[in-house]
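Protein chains in written order, with the numbering used here: chain A, 4 to 168; chain B, 72 to 359.
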Amino acid sequence: MRVRANNPHGGGIIILMSILVAMGLNLLPLPSSVAVNNPDWVLLCLVYWALALPERVGVVSAWCVGLIMDVLTAHLMGQHAMAYALVIYLCIRIHRRMRLYPPVQQAVSVFFYLGGSQVFLFWTGRLQGSQEKPAIAWFAIVLGAIMWFPVLFGLRRLRRHFSIT
Amino acid sequence: MADQRGKLTGLRAVLATAVYPLQQLISSPVRWLDDVAAQFASREALIAENARLRDEQKNLEARQLTFSSLQQENIRLRELLQSPVRIADRYLIAELLAINVAPYSHVFVVNRGAQQGVYVGQPVLDARGVVGQVLRVSPFSAEVMLISDPNHGIPVQVNRNGVRTIALGTGRSDRLVMPYLSGSADVEVGDLLVTSGLGGVFPAGYPVATVTAVSAQGGVFAKVSAQPVAPLDRIREVLLVWSDVTSGALPAHSPPDLPHAENQETVPVQKVQLPSLPGQQGDEGEGE
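Here you go:
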């Protein structure tokens, strides 16, 4: 089914669906040793949409998605929201440059985005007195950076197929 | 921080209700696989399971025979002592949603919520022992924090002699630690730790963990670790508990009709048979 190309606001539902699927991937009931290495699919998805359509997916949408993630993952409300909003703000600041990067260089930036969001989550967790060990799942970040390629090509294909602009 | 102070519980409940279908959706394949596996369980296996369950039921019924008279006696004696009586506990079975909440925190979501009367701080049990307590409630679901979460502490006492302490979670589902026991405390490997009822969250007398290692005895503080009785990493269903405690003196009318009330089951607080854990003391101690 092809969405009409002249509809400037078509495809919102596709963006929403892709984020819902990403949330599903984040919540996947994996064994705990594997789950630690499950990358943050939601952030990957948000970064793609912010780079591709910065006028549609911005800081506010990132904040809202983050709030939902906070509820889903039993964090304090605002932890994911703030982390995602900051990352997406950075993304949109440099989206013109980042679009020109080859995918490998994009993946390196994505590594730092994912890392930054993790650090922020642990930091805010410590602020509220969490006793968790400040272990940062490095492998999840590396895997997330590698997963940038399928996310990039998959979502780009989706976007072109439904001509979402 | 406003969330921590409870100012956003309304918004949080709304969002939690909105995402509940998503959680159900993700959880459903696992449940579906379970159902399929149950369909294909062999006839022999089912017969064997049936026989085992029958045996277990006979066993439990036999224990139950003496239980009501013992309970009456307990209530009478406590009445004489003017001490509070735990009348009965009410249970509700809740199913865990098969979703991974957050990799490091020991929190899970169950499919019962405020609509069923679940409240924050409610104790959560397994058939074998204490599992955790309710952390947050939304209309149809609730988040439960396990006793193994690093942010969780539970007041316990040694069943054998009543030594009281607090068991803290470690982030590992098979280990709790008790850092506040003095070096001379009488704790041995294999001791059963039960809830002490102090702190007011957990009702007294439910099994929590068995002591697996005691080291540095004679120092100022003993290093004691214990293994939770409930298999925290494998549970599928939990029991939410409502306990009715009369504080102070017992009202005069209550005893006669207690054990027969509808939907009010009571669990005998008895010594649970413990798996003996020989030789683990040295292993655990060296890991420290």
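For each residue, glycine too, the CB sits at the ideal point set by N, CA and C.
As the structure is a prediction and not an experimental result, all values here were calculated from the model.
Do residue j and residue i have their beta-carbon atoms positioned less than 7 angstroms apart in this structure?
i, j, result
"A:P32", "B:A173", "no"
"A:L124", "A:G147", "no"
"B:P100", "B:G200", "no"
"A:I167", "A:G61", "no"
"A:C48", "A:I17", "no"
"B:D245", "B:Q298", "yes"
"B:L247", "B:A280", "yes"
"B:P217", "B:H177", "For the sequence presented, residue 217 of chain B should be read as Leu rather than Pro. In contact: B:L217 and B:H177 (Cβ atoms closer than 7 angstroms)."
"A:A143", "A:N40", "yes"
"B:S267", "B:V227", "yes"
"B:V282", "B:D257", "no"
"B:G224", "B:G254", "no"
"A:L30", "B:N171", "yes"
"B:G192", "B:V90", "no"
"B:L252", "B:T236", "yes"
What does the alpha-carbon distance come out to for the pair residue i and residue j?
i, j, result
"B:Q186", "B:V208", "10 angstroms"
"B:A87", "B:S212", "8 angstroms"
"B:I164", "B:Y190", "14 angstroms"
"B:P327", "B:Q143", "Residue placement at B:P327 cannot be trusted, given a pLDDT of 38 that sits under 50; what the coordinates show is reported in the next sentence. Their Cα atoms are separated by approximately 8 angstroms."
"B:L104", "B:F111", "11 angstroms"
"B:T137", "B:V107", "41 angstroms"
"A:L46", "B:G270", "40 angstroms"
"B:S98", "B:P92", "10 angstroms"
"B:L82", "B:S314", "29 angstroms"
"A:V68", "B:L310", "33 angstroms"
"B:V338", "B:A84", "With a pLDDT of 40 at B:V338, under the threshold of 50, the modelled position of that residue is not reliable, and the figure given next carries that caveat. Approximately 33 angstroms, taken between the alpha carbons."
"B:G188", "B:R114", "39 angstroms"
"A:F165", "B:R243", "46 angstroms"
"A:A88", "A:R162", "22 angstroms"
"A:I149", "B:S296", "40 angstroms"
"B:V265", "A:Q121", "38 angstroms"
"A:F114", "A:W141", "10 angstroms"
Taking Cβ-Cβ distances shorter than 8 angstroms, what residues in chain A pair up with residue i?
i, result
"B:R114", "Those within 8 angstroms of B:R114 in chain A number zero; the least Cβ separation is about 30 angstroms."
"B:A173", "T76, A77, H78"
Going by C-alpha distance, which of the options is nearest residue i?
i, options, result
"B:V195", "B:L141, B:K78, B:I306", "B:I306"
"A:S64", "A:T76, A:A77, A:V50", "A:V50"
"A:W151", "A:L19, A:A25, A:M20", "A:A25"
"A:A86", "A:P57, A:G128, A:L28", "A:G128"
"B:D160", "B:A284, B:V291, B:A275, B:S286", "B:A275"
"B:F69", "B:R83, B:N145, B:L303", "Residue 69 of chain B is absent from the model: chain B starts at 72 and stops at 359."
"A:A77", "B:L264, B:L131, B:E214, B:S98", "B:E214"
"B:Q95", "B:L167, B:A122, B:R123", "B:L167"
"A:R159", "A:S112, A:S36, A:W52, A:A84", "A:W52"
"A:R102", "A:L155, A:V122, A:Q121", "A:L155"
"B:P221", "B:I118, B:V85, B:F292, B:Y175", "B:Y175"
"A:V145", "A:P42, A:L19, A:F165", "A:P42"
By the criterion of Cβ-Cβ separation under 7 angstroms, what are the contact partners of residue i in chain A?
i, result
"B:A169", "P32"
"B:L79", "M80"
"B:R83", "V74, M80"
Could you work out which residues of chain B lie near residue i, taking near to mean beta carbons separated by less than 7 angstroms?
i, result
"A:L19", "Per Cβ cutoff of 7 angstroms: no residues; A:L19 is ~12 angstroms from chain B at best."
Mind listing the chain B neighbours of residue i? Cutoff is C-beta to C-beta under 8 angstroms, in chain order.
i, result
"A:I71", "L86, A89, V90"
"A:G27", "L93, L96, I97"
"A:L23", "L93"
The segment 88-113 of chain B: positions lying closer than 9 angstroms to chain A by Cβ: A89, V90, L93, Q94, L96, I97, S98, P100, V101
Quick one: which residues of the segment 206-221 of chain B get their C-beta closer than 8 angstroms to a C-beta of chain A? List them in chain order. L206, R207, E214, P221
Given a limit of 8 angstroms on CB to CB distance, which residues of the segment 296-307 of chain B reach chain A? D304
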